[in-house]
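First up is the structure itself, then whatever we jot down about it.
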Amino acid sequence: MSSVNITDQVQARLQNGRIVFCHNHYLIGQMNLETQQVKIRDGYTMENLYIYASAQKTPSPEQYAQNCDMDWCQ
């Protein structure tokens, strides 16, 4: 599984003695300022000060008509 560097898309803010990391308004991790321990959600990794998201191919939703040759399908 490949990963995509999303570091420049991550927002960080100080909250109750920790730094919280958000990507697209979704909480993806946090760092405790006292212990400097970092916790990252599944699907994300942090390596050498960069944050990566797993590049999973999302399955396409099933369509109303499958295997239809462009004629009216029932």
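For the sequence shown, the working numbering assigns the number 1261 to the initial residue and increments by one for each residue that follows. Glycine included, every Cβ here is placed at the ideal spot set by N, Cα and C. Only a predicted model underlies this, so the values are computations on that prediction, with no experimental measurement involved.
Status (buried if at least 16 other CB within 10 Å, exposed otherwise) for residue i
i, result
"Q1296", "exposed"
"Q1290", "buried"
Among the options, nearest to residue i - alpha-carbon criterion
i, options, result
"N1276", "Y1286, Q1269, N1292", "N1292"
"D1302", "N1308, E1294, L1309, A1313", "A1313"
Rounded separation between residue i and residue j - CA only
i, j, result
"R1278", "Y1286", "16 angstroms"
"K1299", "A1315", "20 angstroms"
"S1262", "H1283", "18 angstroms"
"E1307", "N1265", "10 angstroms"
"F1281", "E1294", "17 angstroms"
Backbone secondary structure at residue i - three-state DSSP
i, result
"T1305", "strand"
"Q1339", "With the chain running from 1261 to 1334 in the structure shown, residue 1339 is simply not present."
"G1277", "coil"
"S1314", "strand"
"Q1290", "strand"
"S1262", "coil"
"H1285", "coil"
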